[in-house]
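As you go down the protein sequences, you meet chains P and Z in turn.
Each residue of the first sequence is one higher than the last, beginning at 373 in the working numbering.
Each residue of the second sequence is one higher than the last, beginning at 274 in the working numbering.
All residues carry an ideal CB built from backbone N, CA and C; glycine is no exception.
Keep in mind that this is a model prediction, so the values were computed, not measured.
Everything on this sheet refers to the single structure shown next.
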Amino acid sequence: MVEVLTGTFTVKAGHAQMLKGGVIMDVVNAEQAKIAEEAGAVAVMALERVPADIRADGGVARMTDPAIICDIMDVVSIPVMAKVRIGHFVEAQILEHLGIDYIDESEVLTPADETHHIWKHDFKVPFVCGCRNLGEALRRISEGAAMIRTKGEAGTGDVVEAVRHMRTVQDAIRKLQNMPDDELVVEARDMQVSLDLLIKTRELGRMPVVNFAAGGVATPADAALMMQLGADGVFVGSGIFKSGDPASRAHAIVQSVTHYQDAAILAEVSKNLGEPMVGISAKSIPDNELLASRSK
Amino acid sequence: MEVGVLAVQGDFAEHIAVLGKLGVKAKEIRLPHQLEMVDGLIIPGGESTTLSRLMSLYNFREPLQQMAKEGRSIWGTCAGMIMLANEITEEDPVPLGIMDIGVQRNAFGRQVDSFEQSLEIQALGPDPFHAIFIRAPLIIRVGEGVKVLCALDEARPVAVQQGNLMATSFHPELTNDHRFHRFFLDLAGKSCSSRNGSV
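Rendered as structure tokens:
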């Protein structure tokens with residue numbers, strides 16, 4: 373009998389590789405999911421509320437009602453992702469049971485554990501986690517994350533934090549590549565990551581798993597900016613369905629990620645998209661209300 | 274000989290990296306006019322609905338069909354295979370109709386059902402090929418003139434060849450075994466020299 377292996381790290385990380393060069397869109401119902409699929413999204417993130425509303429409403433944000441997630445899974449053929457609270461492994465067990473394609477252990481929801489993340493190796497379903505820097509990313513990968521996204525600041529429509537986090541990651545990788553061997557142990561200690569993973573990252577010259585940008589992307593130009601800074605693809609949360617004309621904007625952002633280096637196409641797809649999401653400056657948010665600092 | 278990888282969406286960088294290890298500098302193809310430069314093309318894994326939308330929008334369909342007719346080689350992996358098919362079991366996405374095969378998308382289930390398995394592939398020699406299937410499609414109809422290179426069992430072919438065209442349900446670009454890429458380069462090389470000879 374031939375051995376058939378499921379739930380391996382290769383098939384988990386491999387799924388993220390198939391999403392590269394694509395846009396993953398937040399949706400709150402089946403109708404929005406269809407619009408996203410029609411526009412060319414590579415996957416949808418099934419949510420009860422987009423981050424902008426979570427931010428506005430306050431209170432505790434939890435995993436989405438499984439009924440909503442199932443409705444969305446029923447109407448689209450592209451992969452469906454959903455969020456769980458940081459450290460809430462039971463929410464993850466529930467989503468795995470539903471047959472979700474990817475779990476986002478996300479700082480956008482209220483953390484269930486302020487110390488520990490989920491031990492993601494135990495799951496057959498792959499996980500994506502957020503990071504602000506290379507250390508956070510490599511710690512999440514150690515815990516079993518098969519995909520990373522830079523956090524940005526979700527629900528703001530302000531790309532400044534996404535840029536900061538992507539540049540911070542890329543800068544750390546460049547520094548690593550120029551570092552002599554005898555400084556690596558101290559670097560691993562300071563970054564609180566395993567030496568093996570640090571050496572692997574240095575050899576690859578990139579994050580060892582797929583790395584998308586997230587948190588504040590609102591326009592085709594924002595998406596192309598993140599791609600030119602080194603993102604493998606882009607998450608767009610509130611930016612699409614909080615804008616004046618979601619279908620057109622979704623369509624334009626998909627094209628901007630494929631043609632991120634082509635200013636002529638970027639100019640064309642940026643025309644007549646209506647009002648972008650209103651947005652709030654990330655700088656105006658008090659430190660204790662920043663979603664990105666909820667995990668380390 | 275020039276080889277391109279369709280770089281509209283998906284794991285095109287992984288294919289380009291493997292070709293690079295085999296000494297071939299492959300071109301990223303983002304717009305249809307770039308197809309004129311290449312003798313062979315890989316359509317990578319990715320999301321087939323996304324590929325289909327972008328192929329329509331940027332007028333890739335006719336030039337790709339033309340490319341196959343001219344005898345230039347095309348290899349589709351996973352989503353690329355779906356796009357090459359004559360028909361699929363759903364109405365959407367609309368495939369290119371280049372290969373005489375019928376394909377079912379997500380035929381093994383959702384992501385939790387994605388798997389790895391070693392396969393016997395005679396065309397590649399005696400050593401088994403370790404294949405990675407991710408939300409993989411399955412070939413459910415094989416037309417005349419289509420050769421089955423590999424099957425999970427009699428009813429389930431997962432790699433096929435039709436003259437200058439190839440399709441695999443799985444992802445050789447995610448492994449360190451480059452025999453499938455060599456096989457494709459041979460095919461592209463042969464079709465390239467036979468076209469140049471006939472002109």
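Inter-residue Cα distance where the pair is residue i and residue j
i: residue 566/P; j: residue 514/P; result: 8 Å
i: residue 467/P; j: residue 481/P; result: 15 Å
i: residue 436/Z; j: residue 403/P; result: 43 Å
i: residue 546/P; j: residue 376/Z; result: 44 Å
i: residue 472/Z; j: residue 278/Z; result: In this predicted model, residue 472/Z has a pLDDT of only 47, less than 50, meaning its place in the structure is not dependable enough to derive any value.
i: residue 375/P; j: residue 391/Z; result: 8 Å
i: residue 408/Z; j: residue 508/P; result: 29 Å
i: residue 528/P; j: residue 458/P; result: 21 Å
i: residue 349/Z; j: residue 378/P; result: 23 Å
i: residue 322/Z; j: residue 554/P; result: 48 Å
i: residue 449/Z; j: residue 285/Z; result: 16 Å
i: residue 447/P; j: residue 378/Z; result: 15 Å
i: residue 524/P; j: residue 632/P; result: 19 Å
i: residue 433/P; j: residue 664/P; result: 15 Å
i: residue 332/Z; j: residue 305/Z; result: 7 Å
i: residue 423/Z; j: residue 318/Z; result: 18 Å
i: residue 326/Z; j: residue 367/Z; result: 9 Å
i: residue 303/Z; j: residue 634/P; result: 10 Å
i: residue 571/P; j: residue 556/P; result: 8 Å
i: residue 489/P; j: residue 472/P; result: 19 Å
i: residue 628/P; j: residue 301/Z; result: 16 Å
i: residue 411/Z; j: residue 443/P; result: 26 Å
i: residue 380/Z; j: residue 443/Z; result: 12 Å
i: residue 452/P; j: residue 667/P; result: 24 Å
Exposure label - residue i; buried when at least 16 CB within 10 Å
i: residue 420/Z; result: exposed
i: residue 476/P; result: buried
i: residue 659/P; result: exposed
i: residue 439/P; result: exposed
i: residue 544/P; result: buried
i: residue 369/Z; result: buried
i: residue 282/Z; result: buried
i: residue 516/P; result: buried
i: residue 291/Z; result: buried
i: residue 487/P; result: exposed
i: residue 417/Z; result: exposed
i: residue 624/P; result: buried
i: residue 399/Z; result: exposed
i: residue 328/Z; result: buried
i: residue 460/P; result: buried
i: residue 345/Z; result: buried
i: residue 245/Z; result: Nothing about residue 245/Z can be reported from this structure: the residues present for chain Z run from 274 to 472 only.
i: residue 530/P; result: buried
i: residue 462/P; result: exposed
DSSP bridge partner residues for residue i (one or two, in chain order)
i: residue 403/Z; result: 391/Z
i: residue 435/Z; result: 438/Z
i: residue 436/P; result: Residue 436/P is not bridged to any residue.
i: residue 448/P; result: In the DSSP output, where bridge partners are listed per residue, residue 448/P has none listed.
i: residue 276/Z; result: 313/Z
i: residue 430/Z; result: 424/Z
i: residue 378/P; result: 388/Z
i: residue 416/Z; result: For residue 416/Z, which the question treats as bridged, DSSP gives no partner whatsoever.
i: residue 360/Z; result: 375/Z
i: residue 453/Z; result: DSSP output for residue 453/Z lists no bridge partner at all.
i: residue 416/P; result: 397/P and 452/P
i: residue 411/Z; result: 377/Z
i: residue 457/P; result: 478/P
- request: Say whether the segment 513-522 of chain P touches the segment 488-503 of chain P, bearing in mind that this needs 3 or more beta-carbon pairs closer than 8 Å, one atom from each stretch.
  value: yes
At least 3 beta-carbon pairs within less than 8 Å: the segment 599-618 of chain P vs the segment 389-398 of chain P: yes
query: Enumerated in chain order, which unbroken segments of the alpha helix (DSSP H) with a length of 4 residues or greater are wholly contained in the segment 470-526 of chain P?
result: 506-514
- request: May I ask you to verify whether the segment 625-645 of chain P touches the segment 425-441 of chain P, counting CB pairs closer than 8 Å and requiring at least 3?
  value: no
- request: Give, in chain order, every unbroken run of the alpha helix (DSSP H) that is at least 4 residues long and sits entirely within the segment 278-326 of chain Z.
  value: 285-294
task: Check whether the segment 339-349 of chain Z touches the segment 382-400 of chain Z, counting contact only when three or more Cβ pairs, one atom from each stretch, lie closer than 8 Å.
output: no
Residue ranges of each beta strand (DSSP E) within the segment 515-584 of chain P, 3 or longer: 519-522
field: Runs of beta strand (DSSP E) lying entirely within the segment 323-352 of chain Z, each at least 3 residues, in chain order
entry: 346-350
task: Decide if the segment 644-662 of chain P is in contact with the segment 426-444 of chain Z; the criterion is three or more beta carbon pairs, one per stretch, under 8 Å apart.
output: no
task: Run through the segment 581-622 of chain P for me and flag every whole beta strand (DSSP E) of 3 or more residues, listed as ranges in chain order.
output: 582-585 and 606-608
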